[in-house]
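S.K.: Mind having a look at this structure? Questions to follow.
Protein chains: 2
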Amino acid sequence: MARVQAERADAVLALATTFRLHGYEGTSLTAITAQTGLGKGSLYHFFPGGKEDMARAVLDEVGDWFRREVYEPLRADGPADQRLAAMFTAVETYFASRHLVCLFAAFALGQERDRFAAVIAAYFSEWLDALETATGDRELAADTVATLQGALILARALNDPALFPATAARAQSRAQTRARARAHPPLSS
Amino acid sequence: MARVQAERADAVLALATTFRLHGYEGTSLTAITAQTGLGKGSLYHFFPGGKEDMARAVLDEVGDWFRREVYEPLRADGPADQRLAAMFTAVETYFASRHLVCLFAAFALGQERDRFAAVIAAYFSEWLDALETATGDRELAADTVATLQGALILARALNDPALFPATAARAQSRAQTRARARAHPPLSS
DNA sequence: GTCTATACAGCGATAGAC
DNA sequence: GTCTATCGCTGTATAGAC
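The listed protein sequences correspond, in order, to chains A and B. Counting from 1, one number per residue, gives the positions in the first sequence under UniProt numbering. Counting from 1, one number per residue, gives the positions in the second sequence under UniProt numbering.
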């Protein structure tokens with residue numbers, strides 16, 4: 001079902017790349033028209049709210065992806081080990097193919113934070129909640145998400161892409177060990 | 001020794017706050033003049049290279065602080081436990097009083113990353129090296145710095161300042177436990 | 001739906017008086 | 001060293017033809 005006319009969904013994917021490369025403030029409409037191939041007319045047709053509208057559409061799309069591919073598997077049935085494995089696989093695949101940048105984290109650090117505060121907070125708190133559901137351990141959830149996010153920063157800062165999967169793998173085995181210990185306590189308690 | 005005329009060092013401190021609040025792209029010269037109380041004339045007198053020069057001065061100042069208060073204690077004499085404790089105390093104090101933002105991390109995520117790539121990489125690799133010196137464990141070093149940086153993001157994203165010291169405290173006890181286990185292996189090896 | 005032309009505010013930076 | 005005035009450019013956003 002090929003289409004001649006552009007679709008909003010296609011534009012959102014291209015926009016995600018641009019925002020990942022340049023951040024919110026650093027992304028100009030000129031860069032967007034170059035990346036998407038759409039003129040300003042088309043862009044404002046799809047996103048009447050302008051640049052903020054475009055960014056919001058991207059965050060929504062990413063949020064939906066995580067809800068579907070990361071949070072839901074964490075809340076599914078099955079042993080914690082398996083649920084955690086599903087999460088780590090999805091997350092590692094996702095960031096490896098997206099320039100090792102988490103848009104929510106990037107937006108949380110800039111002045112655009114206030115503008116998107118609600119959706120940023122929702123992304124992370126949903127993630128923490130789902131991890132807590134899977135492991136029964138809120139602190140473990142926070143440690144795990146923090147390690148993953150920090151590993152993304154380190155990988156980017158040191159220009160060492162391999163650092164992310166390596167750090168994520170250790171976080172995974174630590175999380176699985178602790179979840180197992182919690183499910184089957186060694187002695188009493 | 002009071003002075004009437006402004007000093008570059010004072011300006012750098014004020015600039016740090018501005019860049020932390022707005023990021024690099026989001027910091028305008030107008031915001032800088034408001035925050036520092038200096039006109040453009042004075043700013044360009046102190047920082048002939050303009051905005052990039054100002055940001056670089058801030059990064060240098062922060063880098064020096066970490067070198068002195070964080071990395072050196074990690075390389076000092078004494079048991080690993082003590083060196084790690086010194087690092088965590090310094091880091092927690094630092095970020096608690098500075099809006100829970102690491103400028104190097106913030107700059108690493110935006111489009112200004114390329115401009116400051118060298119100094120950003122130096123900051124993190126020095127930190128990792130110093131931690132490896134203290135613990136003898138490169139992976140532990142990466143996990144620790146990643147957890148701290150991720151905790152900063154989470155605290156900011158969730159607007160929950162307490163999350164940072166709580167997560168840092170767990171990272172500290174984990175690091176000390178692992179460093180101890182490495183220094184005094186339980187059995188053979 | 002897509003284009004070109006344009007409005008107009010704000011940007012970083014500079015000049016020159018004091 | 002600090003100020004004010006101003007430059008040239010780019011930013012987002014809009015208007016209107018097609």
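Heads up, the beta-carbon is just placed ideally off N, CA and C, and yes, glycines get one too.
Just to confirm the assignment, what range does the alpha helix (DSSP H) spanning glutamate 61 of chain B have?
M.R.: Numbered from 1 along the second sequence, position 61 holds the residue referred to as residue 61 of chain B. Glutamate 61 of chain B -> alpha helix (DSSP H) spans 51 to 66.
S.K.: Would DSSP call glycine 150 of chain A helix, strand or coil?
M.R.: Here residue 150 of chain A refers to the residue found at position 150 when the first sequence is read from its first residue. Three-state DSSP puts glycine 150 of chain A in a helix.
S.K.: Cβ atoms of isoleucine 120 of chain A and phenylalanine 95 of chain A: under 8 Å apart, would you say?
M.R.: Your numbering for residue 95 of chain A matches position 95 in the first sequence. Your numbering for residue 120 of chain A matches position 120 in the first sequence. Not a contact, by the Cβ cut-off of 8 Å.
S.K.: Using a Cβ-Cβ cut-off of less than 8 Å, give me the residues of the region 153 to 180 of chain B that come near chain A, in sequence order.
M.R.: Those would be Ile153, Leu154, Arg156, Ala157, Leu158, Asn159, Leu163, Ala166, Thr167, Arg170, Ala171, in chain order.
S.K.: Among A:His22, A:Ala130, A:Ala155, which residue has its Cα nearest to the Cα of aspartate 77 of chain A?
M.R.: Counting from 1 along the first sequence, the entry for residue 77 of chain A is found at position 77. Aspartate 77 of chain A has its Cα closest to that of A:Ala130, out of A:His22, A:Ala130, A:Ala155.
S.K.: Starting from the beta carbon of glycine 110 of chain B, find every residue of chain A whose beta carbon is closer than 9 Å, and list them in chain order.
M.R.: On the second sequence, position 110 is the one that residue 110 of chain B refers to. What glycine 110 of chain B touches in chain A: His22, Gly23, Tyr24, Glu25, Gly26, Ala106, Leu109, Gly110.
S.K.: Among the residues of its own chain, which have a CB less than 6 Å from the CB of histidine 99 of chain A, if the five just before and after it don't count?
M.R.: Residue numbering aside, residue 99 of chain A sits at position 99 when the first sequence is read from its first letter. So the qualifying residues of the chain are Arg20.
S.K.: Are three or more beta carbon pairs between the region 53 to 65 of chain B and the region 6 to 19 of chain B nearer than 8 Å?
M.R.: The region 53 to 65 of chain B vs the region 6 to 19 of chain B: in contact.
S.K.: Ignore the nearest five residues each way along the sequence and tell me which others in alanine 85 of chain B's own chain have a CB closer than 8 Å to its CB.
M.R.: For the purposes of this step, residue 85 of chain B is taken as the residue at position 85 of the second sequence. Hits under 8 Å: Gln172, Gln176.
S.K.: For chain A, check one thing: does any of its Cβ atoms lie closer than 8 Å to the Cβ of glutamine 82 of chain B?
M.R.: On the second sequence, residue 82 of chain B is found 82 positions in, with the first residue counted as 1. So no, glutamine 82 of chain B is outside the interface.
S.K.: Can you give me, in chain order, the residues of the region 118 to 144 of chain B that have a beta carbon less than 7 Å from any beta carbon in chain A?
M.R.: Answer in chain order: Ile120, Ala121, Phe124, Ser125, Glu139, Ala142, Asp143.
S.K.: Closer than 8 Å by C-beta to leucine 187 of chain A: which residues in its own chain qualify, once you throw out the five before and the five after it? Chain order, please.
M.R.: Taking the first sequence and counting its residues from 1, the one referred to as residue 187 of chain A is at position 187. Excluding sequence neighbours, leucine 187 of chain A sits near nothing in its chain.
S.K.: Assign histidine 45 of chain B to one of three DSSP states: helix, strand, or coil.
M.R.: Numbered from its first residue, the second sequence carries residue 45 of chain B at position 45. Histidine 45 of chain B falls in the helix class under three-state DSSP.
S.K.: Give me, in chain order, the residues of the same chain whose beta-carbon lies closer than 7 Å to that of alanine 146 of chain A; leave out the 5 immediate sequence neighbours on both sides.
M.R.: If you number the first sequence from 1, residue 146 of chain A lands on position 146. Closer than 7 Å at Cβ, skipping near neighbours: no residue.
S.K.: My understanding is that alanine 106 of chain B touches arginine 156 of chain A, with C-beta atoms under 8 Å, so please give their C-beta distance in whole angstroms.
M.R.: Numbered from its first residue, the second sequence carries residue 106 of chain B at position 106. Numbered from its first residue, the first sequence carries residue 156 of chain A at position 156. With 8 Å as the limit, alanine 106 of chain B and arginine 156 of chain A do not qualify as a contact, their Cβ atoms being about 12 Å apart.
S.K.: Less than 8 Å between CB atoms is the rule here; does glycine 150 of chain B satisfy it with respect to chain A?
M.R.: Position 150 of the second sequence, counted from the start, is the residue given in the question as residue 150 of chain B. Yes, because at least one Cβ of chain A sits closer than 8 Å to the Cβ of glycine 150 of chain B.
S.K.: Cα separation between residue 263 of chain A and glycine 41 of chain A?
M.R.: Any property of residue 263 of chain A remains undetermined from this structure, which presents chain A solely from 1 to 189.
S.K.: Going by beta-carbon coordinates alone, are aspartate 143 of chain B and arginine 138 of chain A separated by less than 8 Å?
M.R.: As a position in the second sequence, residue 143 of chain B is number 143, starting the count at 1. As a position in the first sequence, residue 138 of chain A is number 138, starting the count at 1. No; because the gap between Cβ atoms is not below 8 Å, this pair is not in contact.
S.K.: Distance check for glutamine 149 of chain B and alanine 80 of chain B, CA to CA, integer angstroms please.
M.R.: For this step, residue 80 of chain B is matched to residue 80 along the second sequence. For this step, residue 149 of chain B is matched to residue 149 along the second sequence. Going by the C-alpha atoms only, they are around 21 Å apart.
S.K.: Below 9 Å between beta carbons is the criterion; list the residues of the region 62 to 74 of chain B that meet it against any residue of chain A, in chain order.
M.R.: Cβ contacts with chain A: none found.
S.K.: Would you mind sorting residue 209 of chain A into buried or exposed? The rule is 16 or more other CB atoms within 10 Å of its CB.
M.R.: Given a span of 1 to 189 for chain A in the structure shown, any question on residue 209 of chain A remains unanswerable.
S.K.: Do glutamine 111 of chain A and glycine 26 of chain B have their beta-carbon atoms positioned less than 8 Å apart in this structure?
M.R.: By 1-based counting over the second sequence, the position of residue 26 of chain B is 26. By 1-based counting over the first sequence, the position of residue 111 of chain A is 111. Against a cut-off of 8 Å, the Cβ pair of glutamine 111 of chain A and glycine 26 of chain B comes out as a contact.
S.K.: Which of the three DSSP states, helix, strand or coil, is assigned to tyrosine 94 of chain A?
M.R.: To locate residue 94 of chain A, count along the first sequence from 1; it is residue 94. Three-state result, tyrosine 94 of chain A: helix.
S.K.: Tell me whether proline 73 of chain B is buried or exposed, calling it buried when 16 or more other Cβ atoms sit within 10 Å of its Cβ.
M.R.: Here residue 73 of chain B is taken as the residue at index 73 of the second sequence, counted from 1. It counts as buried.
S.K.: Using 8 Å as the threshold, is the C-beta distance between alanine 11 of chain B and threonine 33 of chain B below it?
M.R.: Here residue 11 of chain B refers to the residue found at position 11 when the second sequence is read from its first residue. Here residue 33 of chain B refers to the residue found at position 33 when the second sequence is read from its first residue. No. Outside cutoff.
S.K.: Using only the alpha-carbon positions, how far apart do aspartate 64 of chain A and arginine 180 of chain A sit?
M.R.: What you label residue 64 of chain A is simply residue 64 of the first sequence in a count that begins at 1. What you label residue 180 of chain A is simply residue 180 of the first sequence in a count that begins at 1. Taking the straight line joining both Cα atoms gives about 29 Å.
S.K.: Let me make sure I understand the geometry here. Which of A:Val101, A:Cys102, A:Phe66 has the alpha-carbon closest to that of alanine 90 of chain A?
M.R.: Taking the first residue of the first sequence as 1, we reach residue 90 of chain A at position 90. When only C-alpha atoms are compared, the closest one is A:Phe66.
S.K.: Are tyrosine 71 of chain B and glutamate 126 of chain B closer than 8 Å when you measure CB to CB?
M.R.: Locating residue 71 of chain B in the second sequence gives position 71, counting from the first residue. Locating residue 126 of chain B in the second sequence gives position 126, counting from the first residue. Cβ atoms of tyrosine 71 of chain B and glutamate 126 of chain B: closer than 8 Å.
S.K.: Span of the alpha helix (DSSP H) holding tyrosine 123 of chain A?
M.R.: Residue numbering aside, residue 123 of chain A sits at position 123 when the first sequence is read from its first letter. It spans 117 to 135 - the alpha helix (DSSP H) in which tyrosine 123 of chain A sits, taken as one unbroken run.
S.K.: For proline 165 of chain B, collect the residues of the same chain with a Cβ closer than 8 Å to its Cβ; drop the 5 residues on either side in sequence, then sort them by chain order.
M.R.: Residue mapping note: residue 165 of chain B aligns to position 165 of the second sequence, counting from 1. Within the same chain, proline 165 of chain B has close Cβ partners Glu92, Ala96.
S.K.: Does threonine 17 of chain B get closer than 8 Å to chain A when you measure Cβ to Cβ?
M.R.: The sequence position of residue 17 of chain B within the second sequence is 17, counting from 1. Not an interface residue.
S.K.: Among A:Leu152, A:Ala141, A:Leu158, A:Ala162, whose alpha-carbon lies nearest the alpha-carbon of alanine 117 of chain B?
M.R.: Residue 117 of chain B sits at position 117 when you count from the first residue of the second sequence. For alanine 117 of chain B, the nearest C-alpha among the options comes from A:Leu158.
S.K.: Please report how far the alpha carbon of residue 190 of chain B lies from the alpha carbon of tyrosine 24 of chain A, in whole angstroms.
M.R.: Summary: the structure shown does not reach residue 190 of chain B, with chain B confined to residues 1 through 189, and so no result is reported for it.
S.K.: Identify each residue in the region 89 to 104 of chain A for which the Cβ-Cβ distance to at least one residue of chain B is less than 9 Å, and report them in chain order.
M.R.: Within the region 89 to 104 of chain A, the qualifying residues are Val101, Cys102, Phe104.
S.K.: In angstroms, rounded to a whole number, what distance separates the CA positions of arginine 182 of chain B and glutamate 132 of chain B?
M.R.: Walking along the second sequence from the start, residue 182 of chain B turns up at place 182. Walking along the second sequence from the start, residue 132 of chain B turns up at place 132. Near 12 Å, if we compare the C-alpha coordinates of glutamate 132 of chain B and arginine 182 of chain B.
S.K.: Relative to the C-alpha of valine 101 of chain A, which residue among A:Ser28, A:Asp160, A:Arg174, A:Leu29 is closest?
M.R.: As a working note, residue 101 of chain A is residue 101 in the first sequence. Of the listed residues, the one whose Cα sits closest to valine 101 of chain A is A:Asp160.
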